[in-house]
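Peer 1: These protein sequence lines map, in sequence, to chains F and Y.
Its first residue numbered 31, the first sequence is counted upward by one per residue in the working numbering.
Its first residue numbered 1425, the second sequence is counted upward by one per residue in the working numbering.
Every residue gets a Cβ at the ideal spot worked out from N, C-alpha and C, and that includes glycine.
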Amino acid sequence: MKDSILEIESLESGYGDVQILWDVNLSAKKSRLTTVIGSNGSGKTTLMRAIVGVLPAWKGRIIFEGQDITKLPAYKRAELGLVMIPEGRLLFPEMTVYENLEMGAYTRRARGDIKKNMEYVFSLFPRLKERLDQKAGTMSGGEQQMVAIGRGLMASPKLLIFDEPSLGLAPKLVIEVFETIEKLKKQGVSMLLVEQNVHLSLAISDYAYVMAEGKMVMQGTGKELSEKDEVRKAYLGV
Amino acid sequence: MEAWIGAILSGILLGLVYGLAAMGLNLIWGVINVINLSHGAFIALGMFSAYFLFHFAGLNPFIAVALVLIIGLIIGMGAYFVALHRVLDAPELSTLLSTYSLSLIIIGLGTFIFTTNPRAIDIGLGSIGVAGIYIPISKILTGLFSVLFTVILYLFLYKTWTGKAIRAVSMNKSAAEFMGVNSIFILSLSFGIGIALAMIAGCLIAAIFPFTILSGSVYELKSFVICVLGGLGSPLGALIGGLILGLLENVFALKIPVGYIPFIEFMILVIILLVKPTGLITKR
């Protein structure tokens, strides 16, 4: 438990009267890449929304770095270092790339590190440095994903959550995104990844959960899961 | 010739303050997605604030405007939580009705307390005359102060963390929350700033024209025309829209009876809505 950064205990949540998450348990460790895989509609994104606090938990607890954050509003969770790179990127389209990155460092924790973090982002994505004055909304999908990841890194995250980062990207760009995640993993960034791209996700994960119909149905190391028959049949198509 | 130049100068100076009023409407629409039907009532409230600060505290409107800014911020942020916060996610009709009720309450109470007798503030600054063209100094100050507040608003929105958070919320509320922005505070602050801009405009207009508690509605309608002219969601557009409207009004007034001018303004509104519904000046 000591090296855990995020603990989810018996979490239940949903929209209106419709319950989506049923008794979900998950643990993410420091400096590790934890992945949640599952098909479309399995409740992955709902789980992420509950973790970052845009969706209230009905039952259960969310513990971040030993602190119970179940009742905290989303912006306070961000201040603690729980940073989400949302599905669909959700950039600020009328702001420049520079302003988008700067907004990533909005929290008091991150403001002091703007320069250092900005250099780090440029070392990962040199292309962004040439595009600082471009409006984010006018960039291509791949470039927007770079800005979104950069914006997340600007927050000096303690846990970086990727919600479907490969969604809507061309295959070549998907590989690029996964390479970036692998690079971050090697540098010791704690990450939680949610993906439909099971094959690539399992290949780089330290530990993974399989979600179906709002429940966790399997878990194990990336390697263990990718060798399981159920996973191979249901998600890998072999 | 003097008449023309005078009308143009007057149109520019008035246009600037119209633009300032419209910026408040524009900001509230852009950030909170609410059409503020209480805008005119708050403009009138700004006029009366100027009147009372002048008569009871001896402050002329160009000094009182700083106080009006603070009063507007506080009232606006309070009004957000009373009238808007709980209906924000409801269908649009709810926020329209809610701000309309706010307007009815202010105007109703105002009529009861202040009556609808016209009032005026005479600070006796006189006029400046060059080559036969006379412009009241209070009108010049109104124009200059409108520019000053526009610049302050621009610097606030583009150069401060809180201002950037306002723009971020206007573009994507969830994403802003993921960055650690307290969106409820930002929404209430934006309403506060919008109301403060309306009241500041009222305060400045009170220095040049007589007014009643009902006068705000005229400027509210002008603000709508300006927002359509300049395109919703840009402070610069509002300023340019204001200038166009101010110029049209004053130049037309030389040739046609003043009573026709509102008619012309709304013809412009309807024509723009028919031909280019996104506004004449768009962001891209």
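1) What separation, rounded to the nearest whole angstrom, lies between the Cα atoms of Y:Ile1617 and Y:Leu1611?
2) Could you work out which residue in F:Gly90, F:Glu243, F:Gly167 and F:Gly118 is closest to Y:Ser1598 when comparing CA atoms only?
3) Hey, how far is the Cα of Y:Gly1448 from the Cα of Y:Cys1627?
4) Going by the DSSP bridge assignment, what does F:Ser57 pair with across the sheet?
5) Let me know the secondary structure DSSP gives F:Asp98 once reduced to three states.
6) I want to know whether the segment 200-217 of chain F touches the segment 171-184 of chain F - three or more CB-CB distances under 8 Å.
7) Locate the alpha helix (DSSP H) running through F:Gln174, then write down its first and last residues.
8) How would you call Y:Ile1498, buried or exposed, if buried means at least 16 neighbouring beta carbons within 10 angstroms?
9) Count the C-beta pairs between the segment 1674-1687 of chain Y and the segment 1472-1480 of chain Y that are closer than 8 Å, then say yes if the count reaches three, no if not.
10) On the DSSP letters alone, give me the boundaries of the beta strand (DSSP E) that F:Met221 sits inside.
11) Using a Cβ distance threshold of 8 Å, determine whether the segment 92-110 of chain F contacts the segment 123-130 of chain F, with at least three qualifying pairs required.
12) Check whether the Cβ atoms of Y:Ser1614 and Y:Gly1464 sit closer than 8 Å, and answer yes or no.
13) Here's a check: name, in chain order, each residue in its chain whose Cβ is nearer than 7 Å to the Cβ of Y:Leu1437, leaving out the five neighbours to either side.
14) What's the C-alpha gap between F:Val219 and F:Leu189?
15) Can you check whether the C-beta of F:Met78 is within less than 8 Å of a C-beta belonging to chain Y?
16) Do the CB positions of F:Tyr265 and F:Val66 come within less than 8 Å of each other?
17) What does F:Ile191 pair with, by DSSP beta-bridge criteria?
18) To the nearest whole angstrom, what separates the beta carbons of Y:Trp1428 and Y:Leu1669, a pair I think is in contact under 8 Å?
19) At a CB distance below 8 Å, what residues from the segment 1600-1614 of chain Y approach chain F? Give them in sequence order.
20) Can you list, in chain order, the residues of its chain whose CB lies under 6 Å from that of F:Lys5, leaving out five sequence neighbours each side?
21) Closer than 7 Å by beta-carbon distance: list the chain F residues that pair up with Y:Asn1457, in chain order.
22) For Y:Ile1637, which of helix, strand or coil comes out of DSSP?
23) Taking all protein chains shown into account, do 16 or more other C-beta atoms lie within 10 angstroms of the C-beta of Y:Glu1601, making it buried, or fewer, making it exposed?
24) Can you find the residues in the same chain that come closer than 7 Å, C-beta to C-beta, to F:Ala80, ignoring five residues on each side of it along the sequence?
25) Could you tell me whether any Cβ in chain F is nearer than 8 Å to the Cβ of Y:Arg1591?
Peer 2: Let's see:
1) 10 Å
2) F:Gly118
3) 14 Å
4) F:Glu37
5) strand
6) yes
7) Gly171 to Leu183
8) exposed
9) no
10) Met221 to Glu225
11) no
12) no
13) Lys1563, Ile1564, Thr1566 and Gly1567
14) 7 Å
15) no
16) no
17) F:Met114 and F:Leu222
18) No, Y:Trp1428 and Y:Leu1669 are not in contact; Cβ-Cβ is about 18 Å, not under 8 Å.
19) Ala1600, Glu1601, Phe1602, Met1603, Gly1604, Val1605, Asn1606 and Ser1607
20) Residue numbering for chain F in the displayed model covers 31 to 268; residue 5 of chain F lies beyond these limits and cannot be assessed.
21) Within chain F, no residue comes near Y:Asn1457; the closest Cβ sits about 15 Å away, beyond 7 Å.
22) coil
23) buried
24) Leu41, Ser43, Leu51 and Ala87
25) yes
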